[in-house]
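Asks: Provided herewith is a single structure, encoded as structure tokens, for subsequent inquiry.
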Amino acid sequence: MSLHELNTFAGVTAEPDVATHGFVFNHTMLRVKDATAALDFYTRVLGFSLVEKRDFQEAEFSLYFLALVDKAQIPADKAERTLWMKSIPGILELTHNHGTENDPAFAYHNGNTDPRGFGHICISVPDVVAACERFESLGVPFQKRLADGRMNSLAFVKDPDGYWVEIIQPAPL
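See the structure below:
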């Protein structure tokens, strides 16, 4: 579909209202059972940087905000960092309810089993083949490898909670 066709997709899309200029899709939140396992996966395996942590002791939960940025970009000043974090796209918020990590029967619904709902998040990498080889060597579970199915230019890995993470590259394979 051409850009013109996309922009005139009758009844489905509209010209964004001028009042929405400056809106930023800022973050997506995932609930995680074990904050340590989730943080290891998203930082060490996928390369996110922890930008901010907020603890709510009385309510027994913590929030972890991560971004795929160089740590040098993250402002050191807390107020400046909060402003910066709320103005950039692509933040991942992990919510950990304290104690869930100690319950072997506890699990969040990953959205990809019935009833289906949430599907996945997506990470774009410079070289999808090299990234998948690295994930394989790290023992990351795959939902779909590059060679599986018809779409051989993308893969899906699973985080510690079973959420799917699509892995793509900008350029064709």
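Heads up: the sequence shown begins at 7 in my numbering, then just goes up one per residue. Glycine included, each C-beta is placed from N, C-alpha and C at the ideal position.
#1: For the beta strand (DSSP E) that residue 46 lies in, which residues bound it at each end?
#2: Leaving out the 5 sequence neighbours to the left and right, which residues in its chain are closer than 8 Å to residue 113 when beta-carbon positions are compared?
#3: Have a look at the DSSP bridge pairing and note the partners of residue 114.
#4: Measuring CB atoms only, is the stretch 51 to 62 touching the stretch 71 to 88, in the sense that at least three cross pairs come out at less than 8 Å?
#5: By DSSP, does residue 87 sit in helix, in strand, or in coil?
#6: DSSP on residue 156, reduced to helix/strand/coil?
Replies: In short:
#1: Against the sequence shown, residue 46 aligns to sequence position 40. Not the beta strand (DSSP E): residue 46 falls in the alpha helix (DSSP H), residues 41 to 46.
#2: Start at 1 with the first residue of the sequence shown, and residue 113 comes out as number 107. Same-chain partners within the cutoff: 39, 167 and 168.
#3: The residue you call residue 114 lines up with position 108 of the sequence shown. In the DSSP output, where bridge partners are listed per residue, residue 114 has none listed.
#4: yes
#5: Counting from 1 along the sequence shown, the entry for residue 87 is found at position 81. Three-state result, residue 87: helix.
#6: Position 150 of the sequence shown, counting from 1, holds the residue named residue 156. Coil at residue 156, not helix or strand.
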